[in-house]
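In our numbering, the protein residues as written are 6 to 460.
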């Protein structure tokens with residue numbers, strides 16, 4: 006006879022189902038690692054829409070394995086059976102599993118802690134019973150995976166197995182209790198939820214959120230934006246330094262390989278420190294090429310940056326080609342202008358330091374305006390650092406060349422910048438070279454806008 010019963014309420018967090026659906030739509034694989042029993046965990050997965058009504062469940066649990074006297078033999082049979090079924094459903098050539106899931110039957114895998122221990126222990130005994138690789142193949146071809154009755158150490162073992170897969174997938178773990186700490190510490194990115202179960206998970210995580218629903222905005226919006234910012238930062242640094250170095254390299258063919266510098270030492274020192282550092286810093290902190298609301302409402306936008314899309318060979322070659330083109334324009338454009346006419350009104354030809362200063366002026370303005378063209382989200386900080394950097398360069402050039410510095414043995418930059426800008430021809434040459442350098446980028450932006458409007 007039943008004397009009494011106690012029930013503990015454990016509700017799903019608000020908007021948990023919507024968050025998991027958004028993560029699936031973004032192309033992320035969602036696994037649930039829990040210590041609950043299988044029936045409770047399965048009901049939870051249906052409630053949060055991790056499993057759909059049409060999802061065929063593949064079970065690797067104590068119940069399915071104990072049907073045979075030898076558990077390892079039964080486990081071997083099930084693994085081979087599931088692997089063949091998924092291999093037939095998802096052929097080897099179908100690389101886009103997300104697209105394949107929509108065209109074929111969806112599969113979900115359920116495994117418990119005791120079966121996982123059997124898989125891990127068998128892989129250590131003999132090579133013939135190496136179930137781990139087959140198990141992972143099954144997991145990676147399922148739309149969702151449920152691991153129930155998991156000990157904290159087993160959660161970390163699963164994360165470690167996925168991390169060591171071919172291709173080194175990026176793992177993220179999120180949890181709210183002390184049982185999730187080992188899993189959070191093992192993954193690449195750990196997120197802790199401040200909840201009723203304490204703050205152990207939040208204290209051991211990389212990021213802390215108050216609710217599970219905030220994971221959607223954290224990944225789809227902030228994760229997307231920060232990846233784009235950092236990727237642009239890396240590519241831009243290669244670009245602006247190649248633009249900086251290439252004219253100096255080309256100059257050696259015209260100075261008898263004498264190692265004569267094209268730029269003054271002050272310009273060489275301050276190019277990366279002062280003249281071009283703040284604009285890209287502001288960009289990498291503030292840029293929003295797509296509105297945050299649009300990113301959270303359309304999870305498919307996250308798929309465009311998946312697989313490290315912006316740091317592949319194609320974008321790198323584009324930035325390299327653009328820098329090589331602009332660096333060539335800087336040097337040879339100024340060189341041919343010097344060859345064809347005199348830039349001073351008294352018919353004198355400018356000297357070596359004036360030539361280098363013109364090239365450097367075109368360089369600083371071009372790489373800064375290139376970043377201005379790439380900026381989609383303008384704030385007063387962006388305006389201040391971009392136009393302020395250009396104004397500071399002009400001010401510094403006048404200041405550096407307008408005073409006789411007692412600690413310098415040679416006053417080679419004295420009055421060079423002021424004399425250079427006293428010629429109308431120099432102004433026209435600088436403006437023309439900046440426009441020619443930025444023309445491919447301007448043309449590309451126009452074509453993208455036309456294509457976007459026509460679509």
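In this text, a Cβ means the ideal position worked out from N, Cα and C, and glycines have one as well.
Beta-carbon proximity of residue i to residue j, cut-off 7 Å
i, j, result
"residue 467", "residue 324", "Any property of residue 467 remains undetermined from this structure, which presents the chain solely from 6 to 460."
"residue 371", "residue 442", "yes"
"residue 38", "residue 201", "no"
"residue 198", "residue 214", "yes"
"residue 300", "residue 225", "yes"
"residue 118", "residue 145", "no"
"residue 151", "residue 124", "no"
"residue 20", "residue 245", "no"
"residue 421", "residue 359", "yes"
"residue 335", "residue 364", "yes"
"residue 221", "residue 24", "yes"
"residue 256", "residue 273", "no"
"residue 418", "residue 406", "yes"
"residue 136", "residue 62", "no"
"residue 143", "residue 87", "yes"
"residue 377", "residue 391", "yes"
"residue 195", "residue 210", "yes"
"residue 27", "residue 252", "no"
"residue 192", "residue 177", "yes"
"residue 248", "residue 328", "yes"
"residue 43", "residue 153", "yes"
"residue 158", "residue 120", "no"
"residue 382", "residue 292", "yes"
"residue 113", "residue 147", "yes"
"residue 206", "residue 180", "yes"
Coarse secondary structure for residue i, derived from DSSP in three states
i, result
"residue 279", "helix"
"residue 117", "strand"
"residue 149", "strand"
"residue 355", "coil"
"residue 173", "coil"
"residue 111", "coil"
"residue 61", "strand"
"residue 380", "coil"
"residue 17", "coil"
"residue 94", "helix"
"residue 284", "helix"
"residue 162", "helix"
"residue 87", "helix"
"residue 104", "Confidence is the limiting factor: at residue 104 the pLDDT is only 49, short of 50, which leaves the residue's position unreliable and the question unanswerable from this model."
"residue 264", "coil"
"residue 370", "helix"
"residue 75", "coil"
"residue 221", "helix"
Range of the contiguous beta strand (DSSP E) that encloses residue i
i, result
"residue 38", "35 to 38"
Delimiting residues of the alpha helix (DSSP H) encompassing residue i
i, result
"residue 239", "229 to 256"
"residue 385", "385 to 407"
"residue 6", "Looking at the DSSP string, residue 6 is not in any alpha helix (DSSP H), and its letter there is neither H nor E."
"residue 156", "No alpha helix (DSSP H) holds residue 156; DSSP gives it neither H nor E."
"residue 31", "No alpha helix (DSSP H) contains residue 31, which DSSP labels as neither H nor E."
"residue 437", "429 to 459"
"residue 51", "43 to 52"
"residue 67", "67 to 70"
Opposing strand residues paired with residue i [DSSP bridges]
i, result
"residue 213", "197"
At 4 residues or longer, and completely inside the stretch 175 to 206: list those alpha helix (DSSP H) runs for me, N to C. 186 to 191
Report the residue ranges of all alpha helix (DSSP H) runs contained in full by the stretch 289 to 330; include only those spanning at least 4 residues, in chain order. Entirely contained in the stretch 289 to 330, the alpha helix (DSSP H) runs reaching 4 residues are, in chain order, 297 to 302, 305 to 308.
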